[in-house]
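In what follows, a single structure is set out as structure tokens and then discussed.
There are 4 protein chains.
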Amino acid sequence: MCRWLAYSGAPVLLDELLYKPTHSLIDQSRHARLGVETTNGDGFGVGWYTGSEVPGIFHGIGPAWGDRNLQNLSAHISSPLFFAHIRASTGTAVQETNCHPFRYGRWLWMHNGSIAQFHRVKRDLMLAVDPDLFPAIEGSTDSELMFFLALTFGLREDPPAAVARMAGLVEATAQRYGIDDALQMTVATTDGVRVWSFRYSTERRSRSLFYSQDVRALRDLYPDNPLVRLASDEARLIVSEPLGDLQDAWIEVPESTYGIIQEGDDVMRRFEPIPPT
Amino acid sequence: MCRWLAYSGAPVLLDELLYKPTHSLIDQSRHARLGVETTNGDGFGVGWYTGSEVPGIFHGIGPAWGDRNLQNLSAHISSPLFFAHIRASTGTAVQETNCHPFRYGRWLWMHNGSIAQFHRVKRDLMLAVDPDLFPAIEGSTDSELMFFLALTFGLREDPPAAVARMAGLVEATAQRYGIDDALQMTVATTDGVRVWSFRYSTERRSRSLFYSQDVRALRDLYPDNPLVRLASDEARLIVSEPLGDLQDAWIEVPESTYGIIQEGDDVMRRFEPIPPT
Amino acid sequence: MCRWLAYSGAPVLLDELLYKPTHSLIDQSRHARLGVETTNGDGFGVGWYTGSEVPGIFHGIGPAWGDRNLQNLSAHISSPLFFAHIRASTGTAVQETNCHPFRYGRWLWMHNGSIAQFHRVKRDLMLAVDPDLFPAIEGSTDSELMFFLALTFGLREDPPAAVARMAGLVEATAQRYGIDDALQMTVATTDGVRVWSFRYSTERRSRSLFYSQDVRALRDLYPDNPLVRLASDEARLIVSEPLGDLQDAWIEVPESTYGIIQEGDDVMRRFEPIPPT
Amino acid sequence: MCRWLAYSGAPVLLDELLYKPTHSLIDQSRHARLGVETTNGDGFGVGWYTGSEVPGIFHGIGPAWGDRNLQNLSAHISSPLFFAHIRASTGTAVQETNCHPFRYGRWLWMHNGSIAQFHRVKRDLMLAVDPDLFPAIEGSTDSELMFFLALTFGLREDPPAAVARMAGLVEATAQRYGIDDALQMTVATTDGVRVWSFRYSTERRSRSLFYSQDVRALRDLYPDNPLVRLASDEARLIVSEPLGDLQDAWIEVPESTYGIIQEGDDVMRRFEPIPPT
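Residue numbers (the working numbering), protein chains in the order written: chain L, 17 to 293; chain A, 17 to 293; chain Z, 17 to 293; chain U, 17 to 293.
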């Protein structure tokens with residue numbers, strides 16, 4: 017199990033969201049509440065957009081809670097769109113190339129969950145990756161492979177369809193090997209402009225996922241809360257588990273759903289895997 | 017808070033005691049039960065004696081639970097006397113020079129606890145270290161400084177007296193600064209032949225410490241238990257919290273007590289700090 | 017031996033100076049030319065100023081040449097004033113708390129050189145550190161101790177005098193122990209506005225140090241050079257050894273000299289240690 | 017470029033061979049002489065056999081020259097057969113799963129060299145790996161993939177034939193992509209009893225490889241040399257470049273040759289890739 021956070025809104029210093037809230041993501045690296053595993057100490061990562069084309073990324077292999085570089089960088093990097101992830105390995109090695117968010121060109125990807133019995137299906141899934149993309153795979157996780165499958169299936173053109181085809185392939189492959197409950201995922205991906213997030217599992221009991229309530233509504237409820245006061249009108253957070261201490265600030269993403277955070281109205285739709293033809 | 021384990025007995029592979037028992041020390045790195053902090057993920061260390069004069073040590077800065085080198089080494093290093101320690105930093109940096117056990121010549125030292133408001137008394141305590149020993153201090157922890165104070169006060173000649181004088185100096189110094197509850201410690205130290213362990217705190221509410229029941233007695237109670245079967249007659253373990261699942265296998269070290277594991281009869285005596293004169 | 021670089025001028029992405037020049041600082045981590053040791057692979061660091069009060073720092077314990085985080089961060093962090101350092105340890109541990117630049121409040125400090133027989137004089141020098149500053153020492157290097165001595169002697173008020181008193185104390189202490197050639201240093205320090213650099217050694221054979229020629233002069237000589245074109249009029253670099261391939265771009269700092277980079281005219285003056293009274 | 021060392025003979029402490037000789041392997045991590053790259057600072061590893069079935073391995077991602085754990089372990093681990101390797105990455109990530117020696121069951125494998133334009137042929141080569149072995153690939157290097165191809169082709173039954181088929185497949189694959197000079201390798205592999213070493217490159221200009229002269233002959237020549245005195249009669253070393261300072265101690269392995277170190281007479285034969293049928 018892992019925990020992650022995606023932010024979009026007016027530029028903020030990363031530490032405003034990673035460190036300062038009660039039950040912050042960094043706290044969750046030591047004491048998560050909603051999950052199989054309370055400790056997420058097997059590495060971490062942040063990815064952020066500034067002016068340049070390609071997002072910055074910073075990965076560490078120690079626990080996030082004690083990483084001084086992360087703390088320093090978070091206090092000096094400001095961004096209007098960033099991802100943060102803390103990892104609990106399900107068996108693959110603790111190394112930077114296995115840390116989320118993964119990056120390809122302008123795109124970032126992060127994941128909480130797993131492909132069941134990954135070692136049995138890994139080879140078949142790797143063969144499905146576009147040969148031109150194949151050399152860019154650097155780590156050994158199911159999460160990164162899911163990213164490259166989604167890229168293969170057109171993530172850069174139509175993210176919901178690409179992720180649906182990826183999920184469909186994983187399920188079909190697992191079925192061929194007689195593996196139940198093939199896929200468990202909450203995923204976020206972005207091109208630096210829009211953020212797509214997905215909550216899905218084959219058994220329809222997916223890991224938790226929440227998005228933040230409209231800031232204007234929160235201002236009425238909590239005029240004095242520092243986080244709320246800080247936030248811009250269009251600020252949006254998507255998180256594995258709620259930060260802060262505001263009861264009404266978080267809305268659970270329904271089972272088998274994806275959402276898009278974008279200029280104009282956000283969108284939330286039903287997610288359904290597309291089996292390979 | 018940290019957790020530690022000291023073993024003396026017939027030579028065993030380290031992993032027999034570090035990995036194989038239920039609720040092993042490695043498990044405790046993620047989920048300790050008896051302590052302020054359940055996660056001990058800020059580095060680890062083992063120290064062991066083989067034929068050579070100076071004990072071997074291996075330190076790592078990541079969590080013990082995921083360290084493949086520790087796992088590999090533990091499966092290939094066999095020793096009749098070894099220390100193992102998992103660290104939860106109380107603020108000082110996560111780096112190898114802050115990992116226990118600390119070594120000086122033939123001696124090893126490891127500690128669970130802390131000196132209250134260490135930053136305020138650190139300078140005074142450092143000045144009390146023998147100038148000839150001073151350059152050998154490599155890290156920044158209270159634990160290592162306690163070791164060097166004990167060495168200054170004659171650890172190599174009379175360990176209980178040296179540790180008592182160290183504790184007395186820490187308490188006297190804290191008192192001068194108006195600091196309450198100066199010292200909290202469970203300590204183990206060894207010269208490769210005998211093992212001394214100490215349970216003490218200024219407020220007389222010391223961290224937990226246990227030693228293993230006589231193996232012969234355990235054999236009657238649990239003839240089929242693999243750990244008990246494996247153990248030699250003279251095998252002794254001292255641990256921050258019990259391993260395994262045997263109710264009668266562990267005896268709590270009383271408050272303000274030290275023990276000696278040695279050839280012939282083991283010893284347990286009252287521990288009392290010796291104030292500086 | 018280490019290598020370092022200090023930049024002041026219009027904001028630039030760090031990688032413009034750390035990676036892109038021929039014989040860049042990152043190249044020097046593997047193949048330095050002017051020094052006792054050609055490999056500087058024992059950690060690295062950057063410190064940079066943005067809007068916030070305290071500069072950002074990023075330290076790594078591996079070689080700079082292979083560090084992907086450094087490469088990523090350098091391509092996304094832009095600053096008008098930054099320090100970069102690559103380390104070749106002279107014996108002390110390779111750990112983040114021993115990486116330059118060191119930071120205290122608004123101040124940064126980095127060093128190339130050493131205190132002769134540091135282990136013999138370390139204790140005396142540590143005693144000379146202001147007790148209020150003492151707890152902020154985190155590592156074990158001579159370089160960091162020199163910083164805290166300079167802070168003790170008024171670095172924040174009068175840097176040249178404070179560094180002169182630090183050097184004087186080191187030399188006086190060494191003399192007391194019968195140690196020759198006490199100090200070897202090229203040092204840079206900054207408060208985020210001005211940059212002071214020092215070249216000095218007791219034996220008057222100091223490590224190399226260079227500052228960049230006036231950019232306007234260089235433009236006449238090398239109108240097509242990308243580094244020169246990029247540079248703002250007031251851009252200044254101070255480096256352990258020249259970057260790039262322009263013969264006329266660098267001026268050697270004379271022996272026993274310090275310089276100040278500041279708004280208005282830069283300054284270069286004779287440096288002489290001030291012995292303790 | 018990397019450097020490696022394989023030892024077989026009477027049990028010795030690892031540090032006798034890794035640290036004590038002049039121009040030792042650890043020295044070569046900073047200053048190799050015979051190679052494209054003089055610095056081998058991108059991780060290291062040792063693998064050794066003791067009583068247990070599976071060899072021990074220890075991998076580190078920093079430079080070998082500064083690693084205190086390696087130094088400590090080398091002074092406490094004694095073995096009759098061990099491999100040691102220092103790495104200079106040719107582009108793949110610096111992480112433990114990319115460190116040599118690689119292990120599979122009882123087998124160890126280490127490599128100096130590279131597959132030309134590896135990113136272009138990697139996918140095809142991975143598809144050739146036995147699907148049952150595929151999940152055990154953990155890193156991203158050409159070296160590890162060569163190991164798994166050799167395992168696929170029967171390394172455990174007939175090492176020279178398996179390595180020849182691996183080399184043949186690499187060359188045939190490269191040819192299909194129009195890549196010249198496909199393979200450059202010096203490889204050592206062992207099952208804990210015998211050691212096979214290979215020197216080969218498609219262009220027939222292979223990286224250097226040497227084996228040690230018969231110890232009895234050396235004793236006549238250098239009766240006082242400590243390394244020679246220490247060595248047992250059957251001691252054999254295979255190294256990327258000579259250790260120590262004895263002119264007559266080393267014999268170059270000829271181009272396109274493999275050797276076997278074993279009980280009874282050692283063997284040296286011509287090596288020729290076997291193209292896929």
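All C-beta atoms in this analysis are idealised placements derived from N, C-alpha and C, irrespective of residue type, glycine included.
Setting aside the 5 residues that flank it on each side, THR218(L) is surrounded in the same chain by GLU187, ASP197, ALA198, LEU199, each with a C-beta closer than 7 Å to its C-beta; the list follows chain order. Taking C-alpha positions only, GLU268(A) is separated from ARG215(A) by approximately 10 Å. DSSP places ALA26(Z) in the strand class (E or B) of the three-state scheme.
Contact check for ARG223(A) and GLY129(A): beta-carbon distance about 6 Å, within the 8 Å limit, so the pair qualifies. Below the 7 Å Cβ cutoff, chain A contributes GLY82 as neighbours of SER105(L), in chain order. The Cβ-Cβ distance between GLY59(U) and ARG103(U) falls below 8 Å. Cβ contact annotation for LEU50(Z) (same chain, cutoff 6 Å, sequence separation greater than five): SER224, GLU257, in chain order. By the Cβ rule, the region 246–260 of chain U counts as touching the region 271–290 of chain U, because three or more pairs are nearer than 8 Å. At a cut-off of 8 Å between C-beta atoms, LEU89(L) counts as an interface residue with respect to chain Z. In this structure, the beta-carbon distance from PHE74(U) to ASN241(A) does not fall below 8 Å.
Counted as a single uninterrupted DSSP element, the stretch harbouring GLU268(Z) is not any alpha helix (DSSP H) but the beta strand (DSSP E) occupying residues 266–268. At least one CB atom of chain A sits nearer than 8 Å to the CB of THR66(U). Cβ contact annotation for PRO176(A) (same chain, cutoff 6 Å, sequence separation greater than five): TYR274, in chain order. Separation of LEU89(L) and GLU32(L) (C-alpha to C-alpha, rounded to the nearest whole angstrom) is 12 Å. Contacts with chain U (Cβ-Cβ distance below 7 Å) from the region 111–135 of chain L involve GLN111, GLU112, THR113, HIS135, listed in chain order. Scanning chain Z for C-beta atoms nearer than 7 Å to the C-beta of PHE74(L) yields ASN85, ASN88, LEU89, reported in chain order.
For chain L, none of the residues of the region 146–160 of chain A brings a beta carbon within less than 7 Å of one of its beta carbons. By the C-beta density criterion, PRO147(U) is exposed, having fewer than 16 other C-beta atoms within 10 angstroms. In the structure shown, ASN114(U) falls within a helical segment according to DSSP collapsed to helix, strand and coil.
With contacts defined as CB atoms closer than 8 Å, ALA22(L) and PHE118(L) fail to qualify as a contacting pair.
With respect to chain U, the C-beta atom of THR55(Z) has a partner C-beta closer than 8 Å. Closest in C-alpha terms to GLY61(Z), from the list ILE77(Z), ARG192(Z), ILE277(Z), ILE290(Z), comes ILE77(Z). Secondary structure of THR205(A) (DSSP, three-state): strand. Interface residue (Cβ-Cβ distance to chain L less than 8 Å): ARG221(U) is not classified as such. In this structure, ALA178(L) lies near GLY170(L), with their beta-carbon atoms less than 8 Å apart.
Nearest CB-CB separation between ARG46(Z) and chain U: below the 8 Å threshold. Taking C-beta atoms as the reference points, GLY57(Z) and SER45(Z) count as a pair closer than 8 Å.
Under the Cβ criterion of 8 Å, LYS36(A) is not counted among the residues facing chain Z.
Cβ atoms of TRP20(A) and HIS101(A) come within 8 Å of each other, at about 4 Å. MET126(A) has ALA204(A) as its beta-bridge partners, per DSSP. Around the beta carbon of ALA80(L), 16 or more other beta carbons sit within 10 angstroms, so the residue counts as buried. If the five residues before and after ILE195(Z) are omitted, its C-beta is found closer than 8 Å to the C-beta atoms of ALA132, GLN133, ARG136, VAL137, all from its own chain and listed in chain order. Judged by their CB atoms, SER156(L) and ALA109(L) are nearer to each other than the 8 Å cut-off.
For ALA109(Z), the nearest CB of chain A lies under 8 Å from its own CB, placing it at the interface with that chain. Not a single CB atom of chain U sits nearer than 8 Å to the CB of GLY61(Z). The alpha-carbon of VAL28(A) is positioned some 9 Å away from that of LEU97(A).
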